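Engineer:
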Amino acid sequence: MAKKERLKVRQQAAAERTKNFDEVPFGYDDSEAADEASRCLQCKNPTCIEGCPVNINIKEFIRQLSAGDKAGAIKTIKQSNSLPAVCGRVCPQETQCEAKCVLLKTGQPINIGALERYAADWEAANLKTEAPKIKPVTGADGKQIKVAIAGSGPAGLTVAGELAKLGYKAVIFEALHLAGGVLVYGIPEFRLPKAIVKREVEYLKLLGVEIETNVLVGKSYTIDDLFADGFSAVFIGVGAGTPSFMNIPGENYKGVYSSNEFLTRMNLLKAYKFPEYDTPVKLGKKVAVVGAGNVAMDAARVSKRFKGVEEVHIIYRRSDKEMPARREEIEHAKEEGIIMDLLTNPVQVLADENGFVSAIKCVKMTLCEPDASGRCSVKAIAGSEFTIEVDNVIPALGTKANELLTTNVKGLKLNRRGYIEADPETGETSIPGIFAGGDISTGAATVIAAMGAGKKSAAAIDRYLKKNISA
Amino acid sequence: MYKITLKRQLTKDIKLMGILAPHVVRNAKAGNFVIVIPGETGERVPLTIYDWDKESGVVYIIFQEVGVSTVKLGMMNEGDFVYSIAGPLGRHFHIEKYGNVVVVGGGVGVPAIFPIARALRDAGNSVTSITGFRTSELSILEKEMKSVSDAVIVATNDGSSGTKGLVTDALKALYDKGGKIDLVVAVGPVVMMKAVSELTKQLGIKTIVSLNALMLDGTGMCGGCRVTIGDKVKFSCVDGPDFDGHLVDFNELTSRLSAFKAEEKISLDHCKIHLAGR
Ligand SMILES: Cc1cc2nc3c(=O)[nH]c(=O)nc-3n(C[C@H](O)[C@H](O)[C@H](O)COP(=O)(O)OP(=O)(O)OC[C@H]3O[C@@H](n4cnc5c(N)ncnc54)[C@H](O)[C@@H]3O)c2cc1C
Ligand SMILES: Cc1cc2nc3c(=O)[nH]c(=O)nc-3n(C[C@H](O)[C@H](O)[C@H](O)COP(=O)(O)OP(=O)(O)OC[C@H]3O[C@@H](n4cnc5c(N)ncnc54)[C@H](O)[C@@H]3O)c2cc1C
Ligand code: SF4
Ligand code: SF4
Ligand code: FES
């Protein structure tokens, strides 16, 4: 049995998909899912489960799928993961569950992500979502105990869902006008359709979670206000948020967008549908994205899909091997015709007489002795300057801690880089009753890591409330 | 959705609106702004908080119709709902006792200086207001500025009301009269803030300006609002919008404000065609 090969997920052809924003992989159909599930060895010691940060019972849900019990499979998944349609699509499975699948040594691990997605999509299409009956947990005054959650990314959504299921009133405050965090403003439509995020958010509402958008915790309401308003605990999941720039001359010319700005215009504000939507984005024929992480791949692939764009470059100072993005994303980008300018480092952005970007000046780099992190360090080759004519430059160089909230809370301990110090097992911060998790405590990480942190925090908040508040 | 409780036409294309938004009002202070999205497919539009009422939870904004978003907002009426309003954003204006303060407002910068003047006066400063308009028909908030200032000078380019000339002429005249000025606050079009800052630099008077860079999220997440202050790049939505006028790179700001000129026109035309078709 195990000799059967891992079943590839069918996807839109590269030539076709660069003309639209539709999802790239189609997902398994019924028979494909059954076939892939039947490859699972049902190991005595299912190591795959350890690889999943929220420990989904992978063995069991795959068994259920191969037996045709789709409803059972999704139930199993949802015991550990409340956003399977999201995770099945965006988890870096190759470093998580699939990296621990025993079949990895054959080079053909089970496609766990695709199966998870299949089960979640099947549920959405076939089952009616119903609100479970939940008994409210009340305080001494007989009222339901309330918990405030700042930020509606995967961390905040998870905390809210878990607490609601336990009977607490969870209220999410979100600074932007839509809930979902990076899932709505960062990750592009063709990797994660926004309808899916919306569906998950609607489910939380069904559980009794309240979502107040357009509210900035620390500005609209301070944390003190929240406690004064009767919230018994606060969870902070405000994400990493602030973009880094290259700090080279010319970076403020028109046509330079941080990856956050570019993706927010496109995803959150739908600039790709301009002028039907009012928010514009101005891209010329040639776009250069700087950096080679997942965000850079997203920015490059979104650019490639925008009307009028002919050429998209990824500019990266190291070589192919060191690119931090997922291999799958790099391959997708290459298939779509994105040009990889490796061992290349920007030194200046040039502009025309009106201040619009006209070119990017770079130097060639060479790899030398590996540095402390084990990655090869690089140095510039003297006299190797050259320019690439471009109309836009999109630095995708990672993010820093967003200080909007953190600097507004007295006594909240931050680490050297400005992230909140929170116990990784409980989310407890330096202030009792305030918990934190996700990118704002770890720095930019993954959806599933943020969800894992949310789950642990919810459990810790429950313990805290039982001890200190509930009747 | 947030209800429009009040709408007043101040001039041909300047409107005042009250919007029910208790979450914005609760901690609002002079110098803060909001981001409004008129309808679901709309842009995020930054507008200064002109006034607010703690009891009713209504926030007041005054805006000029210059493009698609402000035109769409201006078409909405009392009882309608705006899709979204977030705030209060930005740092609030730092209030302390400076002594003699001159607040200078040009056009729709005047609504921004109103709460600042009021807070400064409440803190014991002597406040002189200079407001500038192209012509008397465009003049707004004279009565309101009088209510929060020790003296008000209105300047119009054509002399159709108040003194003739620019706000900088009025400021220079005030200075020449010999009164001591400890602080100047200027809010208005970039050219005006630039001219005021250049003048006060010569005169050696500390000057604060409120920058109207293009913005998107208003939470420090996109960096689209970046401005150069001295040798540092700052995000005007979270580090500002108030900055030392003598350090601002106004030329860069002016250039960046025109980043979407062509698209703004397309957008407005599209909106007009759409309206005509209805
Ligand atoms: C372009 C891009 C692509 C990515 N692709 C992947 C991927 O494929 N797979 C993967 O696993 N991970 C991916 N990631 C990383 C992943 O999205 C993040 O690690 C994850 O979203 C972090 O979740 P979070 O809940 O901590 O914060 P976020 O998702 O950042 O959400 C935080 C939310 O808090 C809000 N907020 C901020 N300040 C306040 C405040 N003061 N008050 C109220 N609300 C506030 C923000 O507006 C935001 O909505 C990607 C990230 C980006 C940027
Ligand atoms: C912090 C802040 C506070 C503001 N407060 C007010 C206010 O109280 N009242 C008010 O009327 N306006 C205010 N503005 C300006 C207002 O946001 C813009 O006029 C508005 O976004 C224009 O949108 P639009 O779609 O109607 O026009 P667009 O089509 O976007 O633009 C039309 C014209 O207006 C110019 N423009 C666009 N954005 C700005 C901007 N941010 N500043 C100056 N000119 C711009 C464009 O260059 C163009 O010429 C403020 C801006 C900021 C950043
Ligand atoms: S949640 Fe992510 S890591 Fe866990 S099983 Fe699903 S795809 Fe794998
Ligand atoms: S390790 Fe792989 S083969 Fe074994 S149970 Fe898990 S998914 Fe199946
Ligand atoms: S508007 Fe996005 S960072 Fe200021």
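As they're listed, the protein sequences go chains A and B. Using our numbering, the first residue of the first sequence is number 1, and each one after it goes up by one. Using our numbering, the first residue of the second sequence is number 1001, and each one after it goes up by one. Beta carbons: idealized from backbone N, C-alpha and C, even for Gly. Everything numeric in this text was worked out from a predicted model, so none of it was measured.
Tell me the DSSP secondary structure of Ala-459/A in three-state form.
Structural biologist: Note: Ala-459/A maps to helix in three-state DSSP.
Engineer: Per DSSP, what are the beta-bridge partners of Asp-1053/B in this structure?
Structural biologist: Asp-1053/B pairs with Val-1058/B.
Engineer: Give me the chain C residues within the contact set of His-1094/B, using Cβ-Cβ distance strictly less than 7 Å, ordered along the chain.
Structural biologist: In the structure shown, chain C does not exist; the protein chains are A and B.
Engineer: Taking only heavy atoms of ligand 2 into account, decide whether any of them is closer than 8 Å to the Cβ of Asp-278/A.
Structural biologist: Correct: Asp-278/A has its Cβ closer than 8 Å to ligand 2.
Engineer: Measure the C-alpha to C-alpha separation of Ala-2/A and Pro-92/A and round it to an integer number of angstroms.
Structural biologist: Here Ala-2/A scores only 46 on pLDDT, less than 50, and its place in the model should not be relied on; the value that follows carries that caveat. Whole-angstrom Cα-Cα distance: 23 Å.
Engineer: Secondary structure at Tyr-1002/B, three-state DSSP: helix, strand or coil?
Structural biologist: DSSP places Tyr-1002/B in strand when its eight states are reduced to three.
Engineer: Of all Cβ atoms in chain A, is any one closer than 9 Å to the Cβ of His-1246/B?
Structural biologist: Answer no: the Cβ-Cβ gap between His-1246/B and chain A never drops below 9 Å.
Engineer: According to DSSP, which residues form a beta bridge with Met-340/A?
Structural biologist: Met-340/A is bridged to Ile-314/A.
Engineer: Leaving out the 5 sequence neighbours to the left and right, which residues in its chain are closer than 6 Å to Val-1238/B when beta-carbon positions are compared?
Structural biologist: Correct list, in chain order: Gly-1220.
Engineer: I'd like the list of long-range same chain contacts for Ala-244/A, defined as Cβ closer than 7 Å, with 5 residues on each side in sequence excluded.
Structural biologist: The sequence given here places Ser at residue 244/A; Ala does not occur at that position. Same-chain partners within the cutoff: Leu-397, Gly-398, Thr-399, Lys-400.
Engineer: Select from Tyr-221/A, Tyr-316/A, Lys-135/A, Phe-262/A the residue whose C-alpha is nearest the C-alpha of Ala-380/A.
Structural biologist: Cα-wise, what sits closest to Ala-380/A is Tyr-316/A.
Engineer: With the cut-off set at 9 Å, would you say Ser-1149/B and Ser-1129/B are in Cβ contact?
Structural biologist: Yes, these two residues count as a Cβ contact at 9 Å.
Engineer: Three-state secondary structure (DSSP) at Asn-1032/B?
Structural biologist: Asn-1032/B: coil per DSSP, three-state reduction.
Engineer: Which residues share a DSSP beta bridge with Cys-368/A?
Structural biologist: Paired residues: Ser-377/A.
Engineer: Tell me whether Arg-39/A counts as near ligand 1, meaning its Cβ is closer than 8 Å to at least one heavy atom of that ligand.
Structural biologist: Result no, Cβ not under 8 Å from ligand 1.
Engineer: Assuming Ile-339/A contacts Val-393/A (C-beta within less than 8 Å), just tell me the rounded distance between them.
Structural biologist: Ile-339/A to Val-393/A, Cβ: 14 Å. No contact.
Engineer: Using 8 Å for Cβ pairs, my map puts Asn-1077/B next to Ile-1004/B. What's the rounded Cβ distance?
Structural biologist: Sure, about 7 Å apart at Cβ, within 8 Å.
Engineer: Going by C-alpha distance, which of Ala-1021/B, Leu-1020/B, Ala-1186/B, Gln-1064/B is nearest Asp-1242/B?
Structural biologist: The shortest Cα separation from Asp-1242/B among Ala-1021/B, Leu-1020/B, Ala-1186/B, Gln-1064/B belongs to Ala-1186/B.
Engineer: Can you find a C-beta in chain A that's less than 9 Å from the C-beta of Glu-1263/B?
Structural biologist: Yes, Glu-1263/B lies at the interface with chain A (some Cβ there is under 9 Å from its Cβ).
Engineer: Look at the alpha carbon of Asp-69/A and the alpha carbon of Val-390/A, and state the distance between them as a whole number of angstroms.
Structural biologist: Their Cα atoms are separated by approximately 53 Å.
Engineer: What are the partner residues of Ala-148/A, as DSSP defines its beta bridges?
Structural biologist: In DSSP, Ala-148/A forms a bridge with Val-171/A, Val-234/A.
Engineer: Out of Thr-279/A, Pro-132/A, Lys-321/A, which has the shortest C-alpha to C-alpha gap to Ser-268/A?
Structural biologist: Note that residue 268/A corresponds to Leu in the displayed sequence, not to Ser. Closest option to Leu-268/A, Cα to Cα, is Thr-279/A.
Engineer: Against chain B, which members of the region 355-376 of chain A pass a CB distance test of less than 7 Å?
Structural biologist: Listed in sequence order: Gly-355.
Engineer: Apart from the five residues just before and just after Val-171/A, which ones in its own chain have a Cβ nearer than 6 Å to its Cβ?
Structural biologist: Excluding sequence neighbours, Val-171/A sits near Ala-148, Glu-210.
Engineer: Count the other CB atoms within 10 Å of the CB of Asp-1051/B; is the residue buried (16 or more) or exposed (fewer)?
Structural biologist: Buried, because 16 or more other Cβ atoms sit within 10 Å of the Cβ of Asp-1051/B.
Engineer: When the Cα of Lys-364/A is compared with those of Asn-354/A, Pro-370/A, Pro-346/A, which residue comes out closest?
Structural biologist: It is Pro-346/A.
Engineer: Is it the case that the CB of Val-1238/B approaches a heavy atom of ligand 5 more closely than 8 Å?
Structural biologist: Within the cutoff, so yes.
Engineer: Tell me whether Val-201/A, by its Cβ, gets closer than 8 Å to a heavy atom of ligand 1.
Structural biologist: No, ligand 1 has no heavy atom inside 8 Å of this Cβ.
Engineer: Taking only beta-carbon positions, decide if Ala-2/A is within less than 9 Å of chain B.
Structural biologist: Low confidence applies here, because Ala-2/A scores a pLDDT of 46, under 50, leaving its location unreliable and the question unanswered by this model.
Engineer: Verify whether the separation of the beta carbon atoms of Gly-454/A and Gly-438/A is less than 9 Å.
Structural biologist: Yes, these two residues count as a Cβ contact at 9 Å.
Engineer: What residues sit near ligand 5, counting only those whose C-beta is closer than 6 Å to one of its heavy atoms, in chain order?
Structural biologist: Taken from the N-terminal end onward, the list reads Met-1215/B, Leu-1216/B, Asp-1217/B, Gly-1218/B, Gly-1220/B, Met-1221/B, Cys-1222/B, Gly-1223/B, Gly-1224/B, Cys-1225/B, Phe-1235/B, Cys-1237/B.
Engineer: If we define contact as Cβ-Cβ less than 9 Å, is Ile-1113/B a contact residue for chain A?
Structural biologist: Judged by the 9 Å Cβ criterion, Ile-1113/B is not in contact with chain A.
Engineer: CB Gly-1090/B to CB Gly-1240/B, shorter than 9 Å?
Structural biologist: Their beta carbons are under 9 Å apart, which means Gly-1090/B touches Gly-1240/B by this criterion.
Engineer: Using a threshold of 9 Å, state whether the C-beta atoms of Gly-1057/B and Leu-1020/B are closer than that.
Structural biologist: Their beta carbons are under 9 Å apart, which means Gly-1057/B touches Leu-1020/B by this criterion.
Engineer: Measure the CB-CB distance between Gly-1132/B and Thr-1200/B and report whether it falls below 9 Å.
Structural biologist: No, these two residues do not count as a Cβ contact at 9 Å.
Engineer: Do Pro-1046/B and Met-1215/B have their beta-carbon atoms positioned less than 9 Å apart in this structure?
Structural biologist: Against a cut-off of 9 Å, the Cβ pair of Pro-1046/B and Met-1215/B comes out as a contact.
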